[in-house]
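For the sequence shown, the working numbering gives the first residue as 135, with consecutive numbering after it. Beta carbons are placed, not taken as given, at the ideal position from N, Cα and C, and that holds for glycine. The model shown is predicted, which means the values in this text are computed figures rather than measured ones. To start, the structure under review is shown below, and the notes come after it.
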Amino acid sequence: GVQGMNGTEINTEIRIEPQAEAHRHPPIHEISEEPHSVTITSSGILHQQANQRGKSGLRRVLTYGTFDLLHYGHIRLLQQAAALGDYLVVALSTDEFNAQKGKKSFYSYSVRKEMLEAIRYVDLVIPENSWEQKATDVETFQIDTVCMGSDWENDPRFEALRDICQVQYLNRTPGISTSDIKTSLKG
């Protein structure tokens, strides 16, 4: 210790308490005790190839979107999607794919990706480059459930996935959409 002015010893010990884990579940590579291989691709995305889908007990959910001008409707959709499983993958439309669809985002892909990655419900963000990649995404990321907002219900691009995973539609939050925000801002 340190001697104080009156000769008494002062306790100078500093204790640092470990912080509680902020994320709601451990990294994917720490969950399963089943045999698996972990590879990190050149883009830095972590992939786990378990011997078979669902063997680790980890339920994986996938959703698609542009997520521009992030608002509480997006957050509620991501919260509902995350509640369907243990690991949420968001396929985020790239700027190039949005252009093909005739859409223009206010924020670039990299900014939208950064915002999504900061949301606690989201575990992994991958690029959505085309309509055709959905079945490949389900296989690559061992997805159990694909979910979308109810405005996509009965769309053949999602209905076709029922052969390889569950497909679920979530209720959109009434009274909010990026389109409505853009219209409102124009005055």
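>> Just to check my reading of the structure: Met249 and Leu204 have Cβ atoms closer than 8 Å, yes? What is that Cβ distance to the nearest angstrom?
In response: Position 115 of the sequence shown holds residue 249. Position 70 of the sequence shown holds residue 204. About 5 Å separates the two Cβ atoms, so the contact holds.
> Is it the case that the Cβ atoms of Ala75 and Ile260 are separated by a distance below 8 Å?
Replying inline: No answer is possible for residue 75: the residues shown for the chain start at 135 and end at 321.
> In angstroms, rounded to a whole number, what distance separates the CA positions of Ser264 and Cys299?
Replying inline: As a position in the sequence shown, residue 264 is number 130, starting the count at 1. As a position in the sequence shown, residue 299 is number 165, starting the count at 1. Answer to the nearest angstrom: the Cα atoms are 19 Å apart.
> Which residues bound the alpha helix (DSSP H) around Glu273?
Replying inline: In the sequence shown, counting from the first residue as 1, residue 273 sits at position 139. Its alpha helix (DSSP H) spans residues 268-274.
> Does at least one heavy atom of the ligand ADP sit under 7 Å from the Cβ of Asp289?
Replying inline: Inclusion of the ligand ADP in the displayed structure is not the case, the ligand content being empty and no account of it being possible.
> Could you give the C-beta distance for Asp196 and Val280, rounded to a whole number, given that I count them as a contact under 8 Å?
Replying inline: Reading the sequence shown from its first residue, position 62 is the one you call residue 196. Reading the sequence shown from its first residue, position 146 is the one you call residue 280. The sequence as given places Leu at residue 196; Asp does not occur at that position. Right, the Cβ-Cβ distance comes to about 5 Å (below 8 Å), so this counts as a contact.
>> Excluding the 5 residues flanking Leu319 on each side, which residues of the same chain have their C-beta closer than 7 Å to its C-beta?
In response: By 1-based counting over the sequence shown, the position of residue 319 is 185. Counting only Cβ-Cβ distances below 7 Å, and skipping sequence neighbours, we find nothing.
> Gly283: buried (16+ other C-beta within 10 angstroms of its C-beta) or exposed?
Replying inline: The residue given as residue 283 occupies position 149 in the sequence shown. Buried, because 16 or more other Cβ atoms sit within 10 Å of the Cβ of Gly283.
> When you compare only the Cα positions, how much space is there between Ile165 and Gly219?
Replying inline: As a working mapping, residue 165 is identified with position 31 in the sequence shown. As a working mapping, residue 219 is identified with position 85 in the sequence shown. Since pLDDT at Ile165 reaches only 40, below the 50 mark, its modelled position is unreliable, and no value is offered.
> Does the beta-carbon of Thr270 have 16 or more other beta-carbons within 10 angstroms, so that it is buried, or is it exposed?
Replying inline: Stepping through the sequence shown from its first residue, residue 270 is reached at position 136. Answer is exposed; the Cβ neighbour count stays below 16.
>> Just to confirm my understanding: we take Trp335, look at its own chain, exclude 5 residues before and 5 after, and list those with CB closer than 8 Å. What are they?
In response: Any answer about residue 335 is impossible in this case: the structure gives the chain only from 135 up to 321.
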